[in-house]
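Here the numbering used here is used: the first residue of the sequence shown is 100, the next is one more, and so on. Virtual Cβ for every residue (Gly too), placed ideally from N, Cα, C. Notes to accompany the following structure.
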Amino acid sequence: MFYCTFWSRVLPVILMVLSGIALARQPEQGNGSVNMTGSIIDTACAIAMSDQHQAVEYGTKTTGEMIHDGQGPVLSFRIHLISCSLSPLLQGHKDWSWFTVTFDGKHDDEYFGVTGAEGVGIRVSDQIGNVAQPGVAMPPQPLSPGEQILHYRFQLVKDHHRMRAGKWHTTIRFKVDYN
């Protein structure tokens, strides 16, 4: 009788403890999150992700070279337009057939200015030699469906200010408009 009474009282307690252990949650091993942003726009083309933010190391030039040569080496960069469509999704809008690219940044007369050194600026030009003026759209170019790669050059050039040596940097932004 003691045996039956003992197990009838202890067994429910043992079962509750064991079921609690079985249902116990595993401790967290780590967690995290991913924040995402973006936009959906009705535009003729997208700009390839790899071309949206570019960084270029220009190298070193001496003040003597800049005074004597008046310019540094020409470096190139590109803007890769992808998924181009000539027809907008929004009804009532005319088809796209042309695009313009506008470069903007620190102004230094006809060049893009730099911070750090003085007496130099950046000249930006397209593959046919049109020179970009800060904040002014480049000449229109025809738009093609699919992909289009736009090639540009930039060059460190001496301006009319007095030359002062120093590390320099600049940011030149670009935007593409469709007509």
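Inter-residue distance for E156 and D208 is about 23 Å (C-alpha atoms, whole angstroms). The residues A143, W195 and F198, in chain order, have a CB closer than 6 Å to that of Y277 in the same chain once the five nearest residues on each side in sequence are set aside. In its chain, beyond the 5 residues on either side, E217 and G218 have a beta carbon closer than 6 Å to the beta carbon of H260. Residue burial annotation: I227 is exposed, with fewer than 16 other C-beta atoms found within 10 angstroms of its C-beta. Beta-bridge analysis with DSSP links G212 to G220. Using a Cβ distance threshold of 7 Å, G171 and Q254 count as a contacting pair. Nearest neighbour of R252 by Cα position, chosen from G265, S224 and Q240, turns out to be S224. When DSSP assignments are scanned along the region 148 to 202, the uninterrupted stretches of alpha helix (DSSP H) that are 4 or more residues long and fall wholly within it turn out to be 148 to 151 and 162 to 168. Shortest Cα-Cα distance from L242 to any of L174, D203 and L180 involves L180.
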